[in-house]
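The sequence shown begins at 69 in the working numbering and counts up one residue at a time.
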Amino acid sequence: MSELYSLTVRDLADRMGRGECSSVEVVNSLLERIENLDGEIGAYLSVDKERALDEARASDRRRETGQGLSPLDGIPIGVKDIFNVAGEECRCGSRILEGYVAPYDATAVARLRAKGMILLGRLNMDEFAMGSSTENSAYGVTRNPWNRNLVPGGSSGGSAAAVSADMAFASLATDTGGSIRQPAAFCGCVGLKPTYGRVSRYGLTAYASSLDQAGVITKDVGDAALLLGVIAGHDPADATSLAAEVPDYLQCLRTDLKGVRIGYPREYFVEGVEKDVARSVQGAIEECRRLGAEVIEVSLPHTEYAVAAYYIIATAEASANLARFDGVRYGLRAGGRDPLEMYAETRAAGFGREVKRRIILGTYVLSSGYYDAYYLRAQKVRSLIRADFQEAFKVCDVILAPTAPGAAFAVGERTQDPLRMYLGDIFTVTANLAGICGISVPCGFTDDGRPVGLQILGPAMGEEKILRTAYAYEQATPWHTRRPPIAGKEGVE
Ligand code: GLN
Numbered sequence: 069m070s071e072l073y074s075l076t077v078r079d080l081a082d083r084m085g086r087g088e089c090s091s092v093e094v095v096n097s098l099l100e101r102i103e104n105l106d107g108e109i110g111a112y113l114s115v116d117k118e119r120a121l122d123e124a125r126a127s128d129r130r131r132e133t134g135q136g137l138s139p140l141d142g143i144p145i146g147v148k149d150i151f152n153v154a155g156e157e158c159r160c161g162s163r164i165l166e167g168y169v170a171p172y173d174a175t176a177v178a179r180l181r182a183k184g185m186i187l188l189g190r191l192n193m194d195e196f197a198m199g200s201s202t203e204n205s206a207y208g209v210t211r212n213p214w215n216r217n218l219v220p221g222g223s224s225g226g227s228a229a230a231v232s233a234d235m236a237f238a239s240l241a242t243d244t245g246g247s248i249r250q251p252a253a254f255c256g257c258v259g260l261k262p263t264y265g266r267v268s269r270y271g272l273t274a275y276a277s278s279l280d281q282a283g284v285i286t287k288d289v290g291d292a293a294l295l296l297g298v299i300a301g302h303d304p305a306d307a308t309s310l311a312a313e314v315p316d317y318l319q320c321l322r323t324d325l326k327g328v329r330i331g332y333p334r335e336y337f338v339e340g341v342e343k344d345v346a347r348s349v350q351g352a353i354e355e356c357r358r359l360g361a362e363v364i365e366v367s368l369p370h371t372e373y374a375v376a377a378y379y380i381i382a383t384a385e386a387s388a389n390l391a392r393f394d395g396v397r398y399g400l401r402a403g404g405r406d407p408l409e410m411y412a413e414t415r416a417a418g419f420g421r422e423v424k425r426r427i428i429l430g431t432y433v434l435s436s437g438y439y440d441a442y443y444l445r446a447q448k449v450r451s452l453i454r455a456d457f458q459e460a461f462k463v464c465d466v467i468l469a470p471t472a473p474g475a476a477f478a479v480g481e482r483t484q485d486p487l488r489m490y491l492g493d494i495f496t497v498t499a500n501l502a503g504i505c506g507i508s509v510p511c512g513f514t515d516d517g518r519p520v521g522l523q524i525l526g527p528a529m530g531e532e533k534i535l536r537t538a539y540a541y542e543q544a545t546p547w548h549t550r551r552p553p554i555a556g557k558e559g560v561e
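As structure tokens, then:
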């Protein structure tokens with residue numbers, strides 16, 4: 069029998085449903101795995117062992133008496149440090165939130181809990197989700213399980229690394245400009261960013277409110293479909309959440325792509341994309357054609373302006389959202405002779421370099437005299453990017469592209485070159501600017517063994533389309549079954 073920690077959420081639900089294993093066994097298997105491996109990876113910021121085991125015992129009792137809350141009852145899940153969980157410190161990877169204990173559960177968290185799922189621990193991230201490598205966390209760098217000299221991607225690097233190394237069955241994460249899809253690609257997992265408004269943002273710490281969206285990182289497409297069905301849906305506490313009904317996403321999965329029209333965006337296959345990445349993604353498109361899809365070339369002409377527009381809009385919104393962290397209500401408070409000095413010192417001590425850079429940038433692009441030249445223009449570009457996708461989706465159902473122009477890079481390689489770091493977001497920020505959905509699935513490896521992600525983009529509320537395409541591709545290829553070669557403390561594996 070394979071080790072419990074290596075299973076998918078659906079496998080576990082089946083086994084637990086048949087009474088073949090208990091929640092306590094499952095939780096223990098994961099705790100041991102974390103104990104053995106996470107010293108080298110650094111995916112978790114905290115693991116609440118006692119609480120997880122208490123909840124597992126309670127879950128087992130429920131199941132024994134036929135009162136299980138759902139097939140997911142007793143299955144543990146990891147949570148990015150950006151989600152509020154009642155009674156837990158929620159630091160968002162930042163010093164400034166040290167000591168801030170969340171008073172309530174984020175809606176996505178509450179919905180998982182309502183099914184009986186167990187929150188195992190909090191996962192590392194770039195401070196306030198600003199970054200593409202998890203090197204901007206105030207609490208240390210997370211390593212890529214495929215090669216510890218490489219970054220796991222970001223900002224949800226902890227969420228992806230934990231799933232990749234079988235230290236979590238699945239994790240909850242957020243994506244403002246690629247933070248679910250890009251780390252999933254770098255770590256060889258599946259990462260789903262739903263349509264803006266599909267999942268409630270209530271209780272997740274805001275970075276850029278018009279772009280932020282919660283989603284999941286999983287071992288395979290089926291688990292992503294299953295968990296999206298749990299967290300999606302209208303929430304009166306988030307006015308931007310959409311009222312549309314939540315379909316059974318597992319029902320839409322097919323093993324062929326007959327009748328599916330795939331858009332091939334020429335602007336996403338240009339110079340600057342790593343050769344091995346281009347090769348793997350092209351191979352994936354061929355595979356989809358073999359599965360019955362029709363491939364149609366489409367154009368997204370404003371792609372080249374996406375990074376610039378994104379970094380203006382995201383930093384503008386961040387500068388406003390982060391104004392609340394001033395030492396008065398949340399977390400850290402530094403000294404000072406008067407309130408003004410206290411605010412300044414708290415922010416100087418609490419925020420890291422990248423966050424400060426972005427607050428300054430965001431304040432600048434919003435300032436009078438510059439507003440029209442930067443912020444207003446970026447909003448116009450955003451409309452053009454949205455229109456690009458609307459045009460493309462008139463002739464295709466989904467769009468296939470690389471998730472990122474390159475595979476995982478070395479720790480330290482880009483920390484001194486923010487612009488280079490930002491440019492790596494070119495293929496992911498577009499979906500957030502347009503408010504559409506996207507998923508990254510493993511589609512191969514570079515010659516030196518780094519995972520490559522295939523991105524499948526769909527129109528707003530097109531989750532069924534992207535999941536169907538992703539599943540058919542996944543089932544026809546071996547990539548999702550590959551696991552990183554990690555030794556752990558015992559040196560075996
Ligand atoms: N890398 C992008 C940024 O730094 C996206 C991050 C995210 O999606 N949270 O803003």
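Glycine included, each C-beta is placed from N, C-alpha and C at the ideal position.
For ligand 1, is there a heavy atom less than 8 Å away from the beta-carbon of Gly146? Position 78 of the sequence shown holds residue 146. No; taking the cut-off as 8 Å, the Cβ of Gly146 has no heavy atom of ligand 1 nearer than that.
Tell me whether Val560 is buried or exposed, calling it buried when 16 or more other Cβ atoms sit within 10 Å of its Cβ. Counted from its first residue, the sequence shown places residue 560 at position 492. Residue confidence for Val560 is low, a pLDDT of 46 falling below 50, so the modelled location carries little weight; the figure read from the coordinates is stated next. When all chains shown are included, Val560 counts as exposed.
Which two residues bound the contiguous alpha helix (DSSP H) that contains Lys343? Looking up residue 343 in the sequence shown gives position 275. Note, Lys343: alpha helix (DSSP H), 343 to 358.
Between Gly506 and ligand 1, is the CB less than 8 Å from at least one heavy atom? As a working mapping, residue 506 is identified with position 438 in the sequence shown. False, no ligand heavy atom lies under 8 Å from that Cβ.
Pro251 to Val219 span [Cα, whole Å]: Position 183 of the sequence shown, counted from the first residue, corresponds to residue 251. Position 151 of the sequence shown, counted from the first residue, corresponds to residue 219. Roughly 9 Å between the two C-alpha positions.
Phe151 bridges to which residues according to DSSP? For the purposes of this step, residue 151 is taken as residue 83 along the sequence shown, with counting starting at 1. Leu272, per the DSSP bridge assignment.
Within 6 Å of ligand 1: residues by beta-carbon to any heavy atom: Ala197, Met198, Gly199, Ser200, Ser223, Asp243, Thr244, Gly245, Gly246, Ser247, Tyr275, Ala382, Asp493
Between Met69 and the rest of its own chain, which residues show a CB-CB distance below 6 Å, the 5 nearest in sequence each way excluded? Here residue 69 refers to the residue found at position 1 when the sequence shown is read from its first residue. In this predicted model, Met69 has a pLDDT of only 47, less than 50, meaning its place in the structure is not dependable enough to derive any value.
Helix, strand or coil: how does DSSP classify Leu260 here? Stepping through the sequence shown from its first residue, residue 260 is reached at position 192. In the structure shown, Leu260 sits in a strand (DSSP, three-state: E or B).
So, using beta-carbon positions, are Ile504 and Leu468 closer together than 9 Å? Against the sequence shown, residue 504 aligns to sequence position 436. Against the sequence shown, residue 468 aligns to sequence position 400. It is not a contact, given that the beta carbons lie outside the stated cut-off.
Given Ala384, which residues of its chain have a CB within under 7 Å of its CB, disregarding the five upstream and five downstream residues? One-based indexing of the sequence shown puts residue 384 at position 316. Excluding positions up to five away in sequence, the list reads Gly430, Val433, Leu434, Tyr443.
DSSP three-state call for Val328: helix, strand or coil? For the purposes of this step, residue 328 is taken as the residue at position 260 of the sequence shown. DSSP places Val328 in coil when its eight states are reduced to three.
Residues of its chain near Gly87, where Cβ-Cβ distance is below 6 Å and the 5 sequence neighbours each way are ignored: On the sequence shown, residue 87 is found 19 positions in, with the first residue counted as 1. Nothing meets the Cβ criterion.
Here's the rule: buried if 16 or more other CB atoms are within 10 angstroms of the residue's CB, otherwise exposed. What is Lys343? Position 275 of the sequence shown, counting from 1, holds the residue named residue 343. Classification of Lys343: exposed, given that the 10 Å Cβ count is below 16.
When DSSP labels each residue in this structure, what does Pro553 get in the three-state scheme? Here residue 553 corresponds to residue number 485 of the sequence shown, with the count starting at 1. In this structure, Pro553 counts as coil in the three-state DSSP scheme.
Straight-line gap, Leu121 to Val95 (C-alpha atoms, nearest Å): Looking up residue 121 in the sequence shown gives position 53. Looking up residue 95 in the sequence shown gives position 27. Those two C-alpha atoms are separated by around 7 Å.
Report the partner residues of Asp243 according to the DSSP bridge assignment. As a first step, residue 243 must be located in the sequence shown, where it is residue number 175. Partner(s): Gln281.
Completely contained beta strand (DSSP E) runs for the stretch 75 to 123, where each covers 3 or more residues: 112 to 115
Through-space distance from Val231 to Pro144, alpha-carbon basis: Numbered from 1 along the sequence shown, position 76 holds the residue referred to as residue 144. Numbered from 1 along the sequence shown, position 163 holds the residue referred to as residue 231. If you take the alpha carbons of Pro144 and Val231, they lie about 12 Å apart.
Excluding the five sequence neighbours on either side, which residues of its own chain have a C-beta within less than 7 Å of the C-beta of Tyr411, listed in chain order? Residue 411 sits at position 343 when you count from the first residue of the sequence shown. Excluding residues within five positions, the ones whose Cβ falls inside 7 Å are Asp394, Gly395.
Please go through the same chain and pick out, in chain order, the residues whose beta-carbon is closer than 6 Å to the beta-carbon of Glu203, but skip the five residues on each side of it. As a position in the sequence shown, residue 203 is number 135, starting the count at 1. Cβ neighbours of Glu203 beyond the five flanking positions: Val209, Thr483.
Going by alpha carbons, who is nearest to Leu191 out of Leu140, Asp493, Ile150? Taking the sequence shown and counting its residues from 1, the one referred to as residue 191 is at position 123. Answer by Cα proximity: Ile150.
Short Cβ contact (9 Å threshold) for Gly256 with Arg536: For the purposes of this step, residue 256 is taken as residue 188 along the sequence shown, with counting starting at 1. For the purposes of this step, residue 536 is taken as residue 468 along the sequence shown, with counting starting at 1. Contact flag unset, no.
Anticipated Cβ contact below 8 Å, Glu542 with Asp288, distance rounded: In the sequence shown, residue 542 corresponds to position 474, counting from 1. In the sequence shown, residue 288 corresponds to position 220, counting from 1. Indeed they touch by this definition, with Cβ atoms about 6 Å apart.
My guess is that Arg129 and Leu137 are in contact by the Cβ rule of under 8 Å, so how many angstroms apart are they, rounded? As a working note, residue 129 is residue 61 in the sequence shown. As a working note, residue 137 is residue 69 in the sequence shown. Wrong, their Cβ atoms sit about 12 Å apart, outside the cutoff.
From the DSSP output, in three-state form, read off Ala176 for me. As a position in the sequence shown, residue 176 is number 108, starting the count at 1. Three-state DSSP puts Ala176 in a helix.
Distance, Cα to Cα, Asn500 vs Gly245? Here residue 500 refers to the residue found at position 432 when the sequence shown is read from its first residue. Here residue 245 refers to the residue found at position 177 when the sequence shown is read from its first residue. Asn500 and Gly245: Cα-Cα distance of roughly 6 Å.
May I ask you to verify whether the stretch 272 to 289 touches the stretch 180 to 199, counting CB pairs closer than 8 Å and requiring at least 3? yes
Cβ separation of Ala111 and Ala229, assumed to be a contact under 8 Å, to the nearest whole Å: As a position in the sequence shown, residue 111 is number 43, starting the count at 1. As a position in the sequence shown, residue 229 is number 161, starting the count at 1. 4 Å between Cβ atoms; contact.
On the DSSP letters alone, give me the boundaries of the beta strand (DSSP E) that Val396 sits inside. Here the question's residue 396 lines up with position 328 in the sequence shown. Looking at the DSSP string, Val396 is not in any beta strand (DSSP E), and its letter there is neither H nor E.
Expressed to the nearest angstrom, what Euclidean distance is found between the alpha-carbon atoms of Ala446 and Ser90? The residue labelled residue 446 in the question sits at position 378 within the sequence shown. The residue labelled residue 90 in the question sits at position 22 within the sequence shown. About 52 Å.
Looking at the structure shown, is Val560 part of a helix, part of a strand, or coil, going by DSSP? As a first step, residue 560 is located in the sequence shown; it is residue number 492 there, counting from the start. Annotation note: pLDDT 46 at Val560 (below 50); position unreliable, coordinate value reported separately. Correct three-state label for Val560: coil.
Residues of its chain near Val177, where Cβ-Cβ distance is below 6 Å and the 5 sequence neighbours each way are ignored: Sequence index remark: in the sequence shown, residue 177 carries index 109 (1-based). Excluding sequence neighbours, Val177 sits near Phe151, Val153.
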